[in-house]
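Numbering (the numbering used here), first residue to last: 13 to 106. Inspection log for the structure reproduced underneath, given as structure tokens.
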């Protein structure tokens with residue numbers, strides 16, 4: 013069991029699994045919006061999930077030996093996505 017977990021982490025596959033869950037979450041949020049007629053729109057759901065997705069990509073890069081430039085790029089992208097999401101939420105707050 014330890015070997016399986018170690019392999020998942022050192023290969024970065026654990027992040028791939030996490031990213032697949034994020035895609036499923038995004039699809040579920042979209043389906044909820046279509047079926048129920050309320051909830052986050054496609055842009056809102058995307059903006060909510062992008063910062064965390066970027067952090068997961070940075071983690072995957074760190075686990076698999078990616079260049080520091082790649083890791084820095086996705087960390088900066090996460091910051092900008094988060095700030096954009098916050099600005100949108102504040103602007104549309106009641």
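The C-beta atom is built at its ideal place from N, Cα and C for all residues, glycine as well.
Asked	Found
Can you round the beta-carbon distance between residue 41 and residue 57 to whole angstroms, since I take them to be within the 8 Å contact cut?	4 Å
Around the C-beta of residue 59, are 16 or more other C-beta atoms found within 10 angstroms, so that it is buried, or is it exposed?	buried
Have a look at 104, 101 and 26 and flag the residue whose alpha-carbon is nearest the alpha-carbon of residue 70.	26
I need the straight-line Cα distance from residue 75 to residue 13, nearest angstrom please.	20 Å
CA-CA distance, residue 15 and residue 78?	23 Å
Determine the closest residue to residue 67 out of 19, 24, 46 and 83, with distance taken between C-alpha atoms.	83
Along the alpha helix (DSSP H) that carries residue 63, what are the first and last residues, could you check?	54-76
Give the single residue among 64, 46 and 21 whose Cα lies nearest to the Cα of residue 33.	64
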